[in-house]
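In what follows, a single structure is set out as structure tokens and then discussed.
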Amino acid sequence: MSTISGINILAQQLTPQQLDHLQKAADLHKTQSNIEFSVLKIEEGILQILVQQGERPSGNYASRSTLIKRAHEVFDKWMPAYLIQVEVEEFRPSITAVVNPAWLERMMEEKEVRIKQIAFDTGVDRESIAGWVSGKKNMSQIVKAMFYFYFTSILVED
């Protein structure tokens, strides 16, 4: 499977060997920085590329200008006769990424909510909630989303 989505659009302009070199350059960025490229269209001397960076375990992400630079590094050598226009989609972490056992404990204290109340409000059994709050049970993205929206939507009553 190609790391460059839509690379077949370039088959008229490049030889199979050139396409392979282009693919290898893109593979390097995918491996090192989780950066992916998509060929959107090519017409009238203009090549439109989309570059996007996925989630990285390190949490370090390239800036918009760096992503544009990476696209030019990959495509300029093989498409010198074309003006390369780059669209960028920067990585945005999920708002639920803050949810962890410490966050849950802090929110429960702040909102004055107990495990029993969360179980009643959500319909999830108390044992599962206790496991997530204590950190003994891993939280899926769906569970993190449930807790995030649960705690950000309730108000402390006076």
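Under our numbering, read the sequence shown as residues -11 to 146, first letter to last. C-beta: ideal position from N, C-alpha, C; glycine also. Keep in mind it's a predicted model, so treat the numbers as computed, not measured.
Task: 7 Å CB neighbourhood of aspartate 146 in its chain, flanking five on each side removed - done: With a pLDDT of 40 at aspartate 146, under the threshold of 50, the predicted position of this residue should be treated as unreliable, and no value is reported.
Task: Straight-line gap, aspartate 109 to proline 81 (C-alpha atoms, nearest Å) - done: C-alpha separation (whole angstroms): 27 Å.
Task: Nearest-angstrom Cα separation, counted from glycine 111 out to tryptophan 91 - done: Cα to Cα, tryptophan 91 sits roughly 21 Å from glycine 111.
- [ ] Return yes when the Cβ of leucine 55 is within less than 8 Å of the Cβ of valine 39, no when it is not.
- [x] At a Cβ-Cβ threshold of 8 Å, valine 39 and leucine 55 count as neighbours.
Open item on the list: Pull the bridge partners of serine 26 from the DSSP assignment, please.
Closed with: Looking at the DSSP output, serine 26 shares a beta bridge with Ser(-7) and Leu38.
Task: Sequence-distant residues of the same chain with beta carbon closer than 6 Å to glutamine 36, five excluded per side - done: Leu28, Lys29 and Gln73.
Task: Reference histidine 60, options Met134, Ser122 and Leu71, closest by Cα - done: When the alpha-carbon of histidine 60 is set against those of Met134, Ser122 and Leu71, the nearest one is in Leu71.
- [ ] Could you give the DSSP three-state label for glutamine 1: helix, strand or coil?
- [x] Secondary structure of glutamine 1 (DSSP, three-state): coil.
Task: Selection from Glu78, Glu97, Ile83 and Ile34 that minimises the alpha carbon distance to tyrosine 136 - done: If we check each option's Cα against that of tyrosine 136, Ile83 comes out closest.
Task: Beta carbon of isoleucine 142 nearer than 8 Å to that of valine 121 - done: Cβ distance not < 8 Å, so isoleucine 142 and valine 121 don't count as in contact.
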